[in-house]
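If you read the sequence shown in the UniProt record's numbering, its first letter stands for residue 1, the second for the next number, and so on.
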Amino acid sequence: MWIQQQANAPASLSDLQGRTVGLKFECNKCQTEVFTDLIGVPEINESADSIKHAANHEIEEVKCPTCEMTHQLEVDSTTAGVRFKVSEVAPEKVSYQLSH
């Protein structure tokens, strides 16, 4: 089941931390629906000396299968939750799905 990311509310850290997800978004150049391979959701650094230093992120790239535009993907894990960022794509246009 695909879950649409909310623009102003991060996804639950406890549900996603340490798991893998697939992302789905529409290419902003050619409007093709793009599906990623599985991406790891990084765990926060619980031994960090501040909330700011607890954050962790994973960066990947994916090419659109139609126009071959390269999109940068970023998965940010913070104590507030998890956010998925895709270059040049609005946050509310990104969906995610947990692997089984």
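C-beta atoms are modelled at their ideal positions from N, C-alpha and C, and glycine is treated no differently.
Could you have a look at residue i and say whether DSSP puts it in helix, strand or coil?
| i | result |
| --- | --- |
| Asp37 | coil |
| Ser87 | coil |
| Lys24 | strand |
| Glu74 | strand |
Can you give the Cα-Cα distance for residue i and residue j, rounded to whole angstroms?
| i | j | result |
| --- | --- | --- |
| Phe84 | Lys93 | 10 Å |
| Ser14 | Gly22 | 17 Å |
| His71 | Phe35 | 11 Å |
| Glu88 | Glu46 | 31 Å |
| Met1 | Gln97 | 6 Å |
| Pro42 | Ala80 | 14 Å |
| Ser95 | Asn8 | 14 Å |
Please list the terminal residues of the continuous alpha helix (DSSP H) segment that includes residue i.
| i | result |
| --- | --- |
| Ser14 | Leu13 to Leu16 |
Considering just the uninterrupted stretch of the beta strand (DSSP E) at residue i, what are its terminal residues?
| i | result |
| --- | --- |
| Lys63 | Asn56 to Lys63 |
| Ser95 | Ser95 to Leu98 |
Is the distance from the Cβ of residue i to the Cβ of residue j below 8 Å?
| i | j | result |
| --- | --- | --- |
| Lys29 | Met69 | yes |
| Ile39 | Ser77 | no |
With a threshold of 16 other CB atoms inside 10 Å of the CB of residue i, please say whether the residue is buried or exposed.
| i | result |
| --- | --- |
| Ala90 | exposed |
| Gln31 | exposed |
| Gln6 | exposed |
| Cys27 | buried |
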